[in-house]
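Undergrad:
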Amino acid sequence: MIEQTANNTHLTRIHIWQQNLNKSNMALFSLLNGTPADNWDIIALQEPPINAVGNTKANSQWRVVYP
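If you use UniProt numbering, the sequence shown closes out at 67, no skipped numbers anywhere.
#1: Should P48 be labelled buried (16 or more other beta-carbon atoms within 10 Å of its own) or exposed?
#2: Do Q46 and N25 come within 8 Å of each other at the CB atom, strictly closer than that value?
#3: Under three-state DSSP, which class holds L21?
#4: Going by DSSP in three states, A52 sits in which element: helix, strand or coil?
#5: Taking the CB atoms as reference points, tell me whether A37 and Q61 lie closer together than 8 Å.
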């Protein structure tokens, strides 16, 4: 989102959603199916559920980045 200020400087705002999922599949599925990714620039998830090969689940609108 770009806003016009009094001195004509353009500011860009970054919208961030941060949530701790506590390794809960239900919390992750709820987030994947209910949160419109278009409303957020960055979604940072702590403690997502991890499967046996070390991956988490995502949908086509998400890009997963591991630390």
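Beta carbons: idealized from backbone N, C-alpha and C, even for Gly. Because the structure is a prediction, the values reported are computed rather than measured.
TA: So, to answer that:
#1: Residue environment analysis places P48 among the buried positions, since at least 16 neighbouring C-beta atoms fall within 10 angstroms of its C-beta.
#2: Going by beta carbons, N25 and Q46 fall outside the 8 Å limit.
#3: The answer is coil: DSSP assigns L21 none of H, G, I, E or B.
#4: Note: A52 maps to coil in three-state DSSP.
#5: Yes, they are a contact pair.
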